[in-house]
């Protein structure tokens, strides 16, 4: 049929063609059909002609409006040229999904109506071959998705276009759009230019009252938006990813919504003289409002009072100056300035609130803070703020969060009169603090991860810690490695670290000597290891002593009452060379190396002891090895000595009384349990050991009686 219709003229040809449409001759091949599409009476169509695949005709009777859905899904349409400029308005979905249209010319169109259904069926949406659109008289675009996803559109010319009325997604994802000519815009809609990643035209937004959400999202090449003289509000992600702008002026803006300037990596300075509130990232996914502004060196907002939500200025590595003297509220925030490693000068008000990580890793920040109104110091808020000199008096603060002040190297004192709770690693590595005084603190949480970040660990200048109401220290490493600490005053404190695991509470506090605590209820693993100056501890309420609890406490002389201790685990008193007496009336178990090198103890009496574990490693580190002053050992209920070297090198021992002992070492051969004991010592054991070794005595007893000339009594 196409060949028959070529160059066919319908009706009177005295009218010169003024409308030209490409590629539709096979489907729109009569005046009636084209009239129906355009929404016109057939009488207005004259000189209808088919030229190969195209049609041309004259529209008489003056201007007209193209009807809704006129050419929707007309995949063969290649162009529409309204040469006479008769079209004044184009209605909804008129050219939707015309995927082969390459250009349109509407010289007098004034209004284009977008998709009224908000279903992404915009008037020219998905015209994926369209490269040029010219509408020199266009003033207004209404509704949604008008040119959405025109992925080949390069040039758009509408110099009088000033109104985007109730629009959204007008040019969204026009990824090749480079040149756009419009007037001074009076309005815009959400996402109108979102993802126009190659758009390089300048905009004049001086008449806008509001910059909508996502309006210029990811417009990476737009160089300028002029001065936003009238705008009061900037919406969510409105300029997100506008990497090419170098400055931004908005003298009347009072409110900036979340992620509005995220990744504007070319801007060097912001000055918002009227802004009051900045919303951070509400999604908490790391899209802070000014985050990744990597060229920004200063931010000035003299009337700013409130920042909310997350990541607002995170990781702006060039930011040096932040001036907002009325800023007092960091509300429900997170990581506001985290990672601003060059931020040095911060001018803000007396804060009412803070959020976690808000100033974390601001390693060059030298400004002081007034935290007198803050009720709670959040987790990680000042982590690694190495140069902050002072936080003032925390008058109202009740709790201090995880690693809140960790790595604050320059602070010399903290005044916290109302704090009752300190969370893990809160003051880790505060190198210059000399003294802490917490008059109301009751609980200190140690480090939970067991990676060595104790709450006050690394306070290498601290000599004194005073907490008269402190009752409990939990978890691990709370005061570890504070070699200058001499005084610890917590007369009510009865727990030092985790109840049944690693503690390291005062590990390596080798100058700690003035030690005032309550009757301890629990001592975890290595709680006082290497506290080489401690002389006294009250263990009257303790039931278990864990591994290394007092290992290498070389000046520990006296222990008050072990009457409730039932278990002493390995290394508990290893190398406590000054300990002279020891009594454990309820002890049932003693672990490997527990009293190794306790060279001043003269006697042990364990009326309830049942099991001793010797050296498991066979390296000669026995449980009571080298107790060189020991003269007597009594354990009437002891039935088992495990492994090796239990009493080796007890060179002064005269009596070992173990009347019910039936297991002596790992084997019935010699396990060195009596190696090098004093010659002539008396050993009393069960008669079962006399024949346990294939009818012969246990090998340890053979060694004792022969080599050490011991008197062995079998009962």
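Residue numbers (our numbering): 71 to 785.
Each residue gets a CB set at the ideal place from its N, CA and C atoms; glycine is no exception.
Top-ranked residue by Cα proximity to residue i, from the options
i: residue 328; options: 338, 737, 308; result: 308
i: residue 216; options: 229, 322, 235; result: 235
i: residue 442; options: 464, 148, 756; result: 464
i: residue 489; options: 470, 502, 483, 475; result: 470
i: residue 621; options: 640, 634, 156, 613; result: 640
i: residue 166; options: 592, 158, 214; result: 214
i: residue 754; options: 274, 731, 743; result: 731
i: residue 346; options: 322, 330, 354; result: 322
i: residue 669; options: 662, 643, 697; result: 697
i: residue 589; options: 578, 582, 632, 623; result: 632
i: residue 653; options: 674, 537, 638, 152; result: 674
i: residue 542; options: 299, 592, 127; result: 592
i: residue 691; options: 419, 597, 519, 645; result: 645
i: residue 211; options: 244, 259, 177; result: 259
i: residue 487; options: 466, 500, 495; result: 466
i: residue 709; options: 720, 721, 727; result: 727
i: residue 563; options: 746, 556, 572, 536; result: 536
i: residue 432; options: 84, 479, 419, 422; result: 479
i: residue 146; options: 132, 125, 491; result: 125
i: residue 318; options: 249, 336, 306; result: 336
i: residue 628; options: 740, 649, 287; result: 649
Whole-number beta carbon distance between residue j and residue i, since they are thought to touch under 8 Å
i: residue 526; j: residue 552; result: 7 Å
i: residue 199; j: residue 179; result: Not quite, the Cβ-Cβ distance comes to about 20 Å (not below 8 Å), so this is no contact.
i: residue 378; j: residue 401; result: 5 Å
i: residue 481; j: residue 503; result: 6 Å
i: residue 718; j: residue 695; result: 5 Å
Euclidean distance between Cα positions of residue i and residue j
i: residue 398; j: residue 428; result: 13 Å
i: residue 774; j: residue 781; result: 8 Å
i: residue 575; j: residue 514; result: 11 Å
i: residue 625; j: residue 736; result: 34 Å
i: residue 516; j: residue 660; result: 27 Å
i: residue 752; j: residue 647; result: 25 Å
i: residue 783; j: residue 545; result: 48 Å
i: residue 193; j: residue 183; result: 7 Å
i: residue 440; j: residue 684; result: 58 Å
i: residue 265; j: residue 367; result: 27 Å
i: residue 435; j: residue 238; result: 42 Å
i: residue 681; j: residue 734; result: 10 Å
i: residue 765; j: residue 549; result: 56 Å
i: residue 579; j: residue 723; result: 33 Å
i: residue 455; j: residue 369; result: 20 Å
i: residue 74; j: residue 221; result: Unreliable positioning characterises residue 74 in this predicted model, as indicated by a pLDDT of 38, which lies under 50. A coordinate reading is not provided.
i: residue 227; j: residue 354; result: 40 Å
i: residue 189; j: residue 163; result: 11 Å
i: residue 134; j: residue 160; result: 9 Å
i: residue 616; j: residue 658; result: 14 Å
i: residue 404; j: residue 585; result: 39 Å
i: residue 772; j: residue 713; result: 17 Å
i: residue 71; j: residue 123; result: Per-residue confidence for residue 71 stands at a pLDDT of 34, beneath the threshold of 50, marking its modelled position as unreliable; the derived number appears in the next sentence. Taking the straight line joining both Cα atoms gives about 11 Å.
i: residue 168; j: residue 267; result: 23 Å
i: residue 76; j: residue 102; result: The predicted model places residue 76 with a pLDDT of 46, which falls under 50 and marks its position as unreliable; any figure quoted below should be read in that light. Going by the C-alpha atoms only, they are around 17 Å apart.
i: residue 767; j: residue 618; result: 35 Å
i: residue 128; j: residue 98; result: 15 Å
i: residue 390; j: residue 365; result: 11 Å
i: residue 395; j: residue 496; result: 28 Å
First through last residue of the alpha helix (DSSP H) which encompasses residue i
i: residue 776; result: 769 to 776
i: residue 106; result: 101 to 108
Continuous beta strand (DSSP E) stretch holding residue i: start and end
i: residue 380; result: 376 to 380
i: residue 227; result: 225 to 227
i: residue 236; result: 233 to 238
i: residue 796; result: The structure shown has nothing for residue 796, since the chain only spans 71 to 785.
i: residue 158; result: 157 to 160
i: residue 782; result: 781 to 784
i: residue 630; result: 628 to 630
i: residue 399; result: 399 to 404
i: residue 339; result: 339 to 341
Per DSSP, the bridge partner or partners of residue i
i: residue 151; result: 90, 175
i: residue 222; result: DSSP output for residue 222 lists no bridge partner at all.
i: residue 683; result: 712
i: residue 515; result: 544
i: residue 136; result: 160
Closer than 7 Å: residue i CB and nearest the ligand MN heavy atom
i: residue 710; result: Looking at this structure, you won't find the ligand MN or any other ligand, since it has none at all.
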